[in-house]
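Here's the structure, in C-alpha cells; my notes come after.
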DNA sequence: CACGTCACCTGCGTGC
DNA sequence: TGCACGCAGGTGACGT
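Numbering (the numbering used here), first residue to last: 9 to 284.
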C-alpha cells in the first residue's frame, strides 16, 4: 500500500497509540524482515526501549526510541496493526512488538498491546539504528517541505537526461512518490511520463511541482488509497484521475485513458492531455 | 550515467 | 475445479 500519503496516515494513527509504551519483547516470525542488525542483536537491543515519537521520512516510518531508532519500510504489501496483547498472530505477521501499557501521562488505553508488522509479500524491512542517516542518508528532498521549491526542482530536473516518470520514482531524486501518485501528478500537470527531463521548461516544472504537492496533500486528506485486499480506510482510490482507469474517460477531456509500461511499471495517461 | 532485466514474494483475477 | 499467466502501491543488484 504505501506511498507517502499512506505512510503519513499510518504514522498519524499510530502516534497516540504508541508514544510512552515500552517494548517488552520482539517476536521475529520472518527473519529477513529485519534488515539490520542481526535478528539476535535486534531483539536484544530493542527490548526495554521506550517509544518517544512516531514520524515519517519519505516512505519510511520512523519510530524514535529512548536510545535508538526503529525505521520501517512497508514496500509493496506491508501494514502495521495494533492488536490486543498476546492475541494470536495472523497469517502474514512478520514481526510483532509486544508493548507495555503506556506511561501515566499518555492518552492511550492503559493496557498492553501488540504492534504487528503484517506483510503478505515479505518485501518490507525494518532497521534498528542509532544513526538514521545510515538508512535515510541517500534520500532526496521531502516533497511537502519548504526546501522543495519550484526553482530547485527545475534545476534538478534539468541536471538529468532521463524520462520524467522514472526520475520522479527515484527516491534519491525526490523522496516519497510511488507509482500511483506519480501518474496522478503527471496527469494533473499535463506532462507525459516519457518526456525528457532535460527539456522541461520553468513553467512546466512549476506546474509539476504544484501538482505533486496538491496530489500528495489530497492523498493525505483522504487518508491514503485502499486497493485490493489491503484496506486501511482511506478513500483516495475513488478519486483517481488516471491510475487503474484503463479505457475509462479522462476527467478533463473525456478521452479514454491508456496504459503503457515505463521502467517496468504500469503507467496510465490521457493521450490527449499528456503529450511527449 | 541511463536504462533494461531480474530477483525478492504472495495472492488475485482472467481465460482456457 | 484446475492451471497457467499476468498483474500488483517498492527497491536493489546486476549487466550493457
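Glycine included, C-beta positions come from ideal geometry on N, C-alpha and C.
Please read all numbers here as calculations on a predicted model, not as lab measurements.
Looking only at 110, 252 and 23, the smallest Cα-Cα distance to residue 235 is reached by 252. In this structure the stretch 61–70 touches the stretch 10–26; the number of beta carbon pairs closer than 8 Å is three or more. Pairing residue 200 with residue 188, the inter-Cα distance amounts to about 15 Å.
Separation of residue 250 and residue 144 (C-alpha to C-alpha, rounded to the nearest whole angstrom) is 31 Å. Taken through DSSP and simplified to helix, strand or coil, residue 137 comes out as strand. C-alpha of residue 75 to C-alpha of residue 140: approximately 12 Å in a straight line.
Along the stretch 133–188, the alpha helix (DSSP H) occurs as fully enclosed runs of 4 or more residues at 141–144, 158–166 and 172–177, listed in sequence order. In this structure the stretch 160–175 lies against the stretch 194–211, because at least three pairs of beta carbons, one per stretch, are closer than 8 Å.
Within the model, the alpha-carbon separation for residue 210 versus residue 232 is close to 30 Å. For the options 193, 183 and 53, the alpha carbon positioned closest to that of residue 222 is the one of 193. Burial state of residue 247 is exposed, judged by a 10 Å Cβ sphere holding fewer than 16 other Cβ atoms.
About 3 Å separates the Cβ atoms of residue 86 and residue 132, confirming a contact at the 8 Å cut-off. Looking at the DSSP output, residue 88 sits in a beta bridge with 125. Assigned with DSSP and collapsed to three states, residue 102 falls in strand.
By the Cβ neighbour-count rule, residue 146 is exposed, with fewer than 16 other Cβ atoms within 10 Å of its own.
In this structure residue 117 is exposed. Its beta-carbon is surrounded by fewer than 16 other beta-carbon atoms within 10 angstroms. Residues of the same chain with a CB within less than 6 Å of the CB of residue 102, apart from the 5 flanking positions on each side, are 37, 38, 41, 125 and 127 in chain order. Excluding its 5 nearest sequence neighbours in each direction, residue 72 has C-beta neighbours in its own chain below 6 Å: 60 and 61, listed in chain order.
Judged by DSSP in its simplified three-state form, residue 210 adopts helix.
Within a 10 Å sphere around the beta-carbon of residue 138 sit fewer than 16 other beta-carbons, which makes this residue exposed. Separation of the CB atoms of residue 108 and residue 120 is rounded to 6 Å, and the pair is thereby assigned contact status at 8 Å. In the structure shown, the three-state DSSP call for residue 245 is helix.
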